[in-house]
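Under UniProt numbering, the residues of the sequence shown are numbered 1 to 575, in order.
Glycine included, every Cβ here is placed at the ideal spot set by N, Cα and C.
What follows is a single structure, written as structure tokens, with notes after it.
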Amino acid sequence: MFRLIRYLTKKQVFFFLLLLAFLVVQVFADVTLPTYTARIVEQMQAGAEALSILRTGGIMLAFAAVSVLATIAETFLSASISTGLGRRLRGEVFSHVLSLSDRTAGAFTAGSLLTRTTNDVQQVVSSMVLILRLGVGAPLMAGMAIVRIAQSSGELTFVTAGAVVILLCGIAAILAVTLPRFKLVQKLTDRLNGTLRDTLTGIRVVRAYNAEEYERARFEEVSAALQKNNTFAGRAMALMNPLMMLIFNGLTLAIYWLGCFIIVRDNNAAFFPEMFSFTQLASQVVTAFMVLVMLFNMIPRAQVSAKRILEVLQKQSELKDPATPVSYTPDGSIEMKGVSASYGGAPVISRVSFRVERGQTLAVVGGTGAGKTTLLKLLLRFLDADAGEVFVGGMNVKDVPQKELRSHLGYAPQKSALLSGTIRENLAFADPSLSDEALMAAADAACAAEFITEKGGLQAEVAQGGRNFSGGQRQRLSIARAVAARPSYVLFDDSFSALDFATDAKVRKNLKERFAGTTKVIVAQRISTVRDADVIVVLDHGKMAGAGTHEELLKTCPAYLEIAQSQMTQEELAR
């Protein structure tokens, strides 16, 4: 967990040093108080004047006030450090996940990333508040109290040390049993979040198939496993408090018994006031270790959470920007030379080659799993090719910084990912400074202007995932967002599938006329969507089955002809 310290800012490090200073002051004040308790008892034994006793009590009160003020300062500083660290960790995890390639990010489920960014970070923050104050202060308190005891009585030091050894052995045994359970609890939390997320996302499907009982049973299974492991770990950790009280009471009894023995043995009545001081010091020692026990109760969970956070932060993406950035002015062309790509060693596309020039339309067709979306990911550089070269704008995509490359690309994904907010915020995603006129022009090109106006304009609300829009409306908004900033390239990943044939044709006509200088890449299932493209690439099980115009492929590519015959009549094919 302490590996996360490197994420502290300079200001937080300064606060930590201040915290240490206040801790030393507070502990010194607390450990000094028993000395004045013994002095008051001694003064009372000697029949001292009330004024003298009150003066000693006043000094005690001053030390107590110093301790209180130092504690308040510690609380403020520890809270500031831990919450600041939590904010930075959340930001680091979020930003790092966004920078990962599809291959690397695929190592984590969405539910797991959600848990790591929220629950795990909160677990670390909650523990850090206590660790910063008590994790440093408690050992310091115990050490200074033991030194004070050792200065006065070797026998009492031996008894106190024995109690501490017994306590540490008990804690070690309990932690050995509970730590594996806490790791399992975090994994089960991931599963629970994933199960809940799946059910809520597909709730309509669940209801349509009357699968409520099945989903309830699946959720209950994970929930019961989580309860079982939490209960086991909680019961084991609950043994710590009785153990602490047993040791504390036993130590107090031992101090009084041994103190009486020393007084009788040495005929030293002056040792009686020291017994009160020793009792308070021993109480501070045991209290310090009780605090450590409480921390040990939290540390295993925090340790697991910190490890899970670091797993994400230390995950390195294979996508690297060039060491020396170069000037990039795309010429509008796209080219692939013998490109092959895979996921987890399984080949997805193999030896794909083609070229299109500025303003042309490239279409990619093929069956399910043919590698069409992977081809777009290579252009966007969401992943790198295993072999071959990908050129966008006349340059290899590996030689262009990712941010610079994507600033010239518009993208409408297979699933129209609308974000909660307003229509304007969604359409202006590439460039928030775009005017309302530019956004409405893009919406008009995508045949979305009419329903945007009906919804109340660009400030109309968009629910999470665009649930308050139909599938066709979501796709048209996604298309409008892709072209709004007028990029050099626009990539459509099956973005016309929910549109009726008339709207599909009208949108493509608008794009061709209004974005004549923009190079377009269209992935589609419908031949009617791609037949007018300048170059059509046909993928069959990841391999390139053909490339050319619609008319050329009907004559030379059996795979394309088969797709066309399944969708079009003989009259349509003959046109």
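Simplified DSSP state of D444, which is helix, strand or coil
helix
Report the start-end ranges of each alpha helix (DSSP H) in the stretch 134-183 that is 4 residues or longer and not cut off at the edges.
136-152
Identify the continuous alpha helix (DSSP H) that holds S126 and give its terminal residues.
121-130
Have a look at E311, G394, A346, D30 and flag the residue whose alpha-carbon is nearest the alpha-carbon of S112.
E311
Neighbourhood of L405 by C-beta, 7 Å cutoff - its chain only, sequence neighbours within 5 removed:
R381, V392, V397
Unbroken alpha helix (DSSP H) run spanning V205, endpoints:
203-208
Taking 9 Å as the threshold (C-beta atoms), are L539 and L375 in contact?
yes
I think L243 touches G135, with their Cβ atoms under 8 Å apart; what is that distance to the nearest whole Å?
No, L243 and G135 are not in contact; Cβ-Cβ is about 20 Å, not under 8 Å.
For S566, which of G471, G366, F429 has the nearest alpha-carbon?
G366
Counting C-beta neighbours from all protein chains within 10 Å, is the total for C557 16 or more, i.e. buried, or is it exposed?
buried
Assign L518 to one of three DSSP states: helix, strand, or coil.
It is worth fixing the name first, because residue 518 is Thr in this sequence and not Leu. If DSSP states are grouped into helix, strand and coil, T518 belongs with coil.
Given 8 Å, three or more beta-carbon pairs between the stretch 242-258 and the stretch 280-292:
yes
What do you get for D504, buried or exposed, if any count of 16 or more other CB atoms within 10 angstroms of its CB means buried?
buried
My understanding is that V530 touches L491, with C-beta atoms under 8 Å, so please give their C-beta distance in whole angstroms.
With 8 Å as the limit, V530 and L491 do not qualify as a contact, their Cβ atoms being about 14 Å apart.
Nearest neighbour of E92, chosen from L8, E74, G546 [CA to CA]
L8
Return the chain-ordered list of same chain residues with a C-beta closer than 6 Å to the C-beta of V400, the five sequence neighbours on each side being excluded.
Y328
Under 9 Å, do F28 and L77 count as touching if we go by C-beta distance?
no
What does a CB cutoff of less than 6 Å around A254 pick up in its chain, not counting 5 residues either side in sequence?
V159
With a threshold of 16 other CB atoms inside 10 Å of the CB of Y256, please say whether the residue is buried or exposed.
exposed
Can you list the beta strand (DSSP E) stretches of 3 or more residues lying completely in the stretch 478-536, in chain order?
489-493, 519-523
Can you tell me the Cα-Cα spacing of M144 and V31, whole angstroms?
7 Å
Measure the C-alpha to C-alpha separation of T83 and G338 and round it to an integer number of angstroms.
51 Å
Where does E274 fall in DSSP's three states?
helix
As assigned by DSSP and simplified to three states, the class of L192
helix
Tell me which same chain residues have a C-beta within less than 7 Å of the C-beta of V348, skipping the five on either side of it?
A341, S342, G371, T374, G542
Simplified DSSP state of E49, which is helix, strand or coil:
coil
If we count the other Cβ atoms within 10 Å of its Cβ and call it buried at 16 or more, is S433 buried or exposed?
exposed
Beta-carbon separation (whole angstroms), F108 vs V304, contact threshold 8 Å
That belief does not hold up - the Cβ atoms of F108 and V304 are roughly 16 Å apart, past 8 Å.
Do the CB positions of G259 and L156 come within less than 9 Å of each other?
yes
Between G472 and the rest of its own chain, which residues show a CB-CB distance below 6 Å, the 5 nearest in sequence each way excluded?
A498, L499
Spatial distance of V97 from L4 (CA atoms)
17 Å
Just to confirm before moving on: does the CB-CB distance between P300 and T178 stay below 9 Å?
yes
Length of the line joining the Cα atoms of I423 and A502:
24 Å
Which class does N249 belong to by DSSP, given the choice of helix, strand or coil?
helix
Local Cβ density within 10 Å of S333, reported as buried at 16 or more and exposed below that
buried
For D399, the three-state DSSP class (helix, strand or coil)
helix
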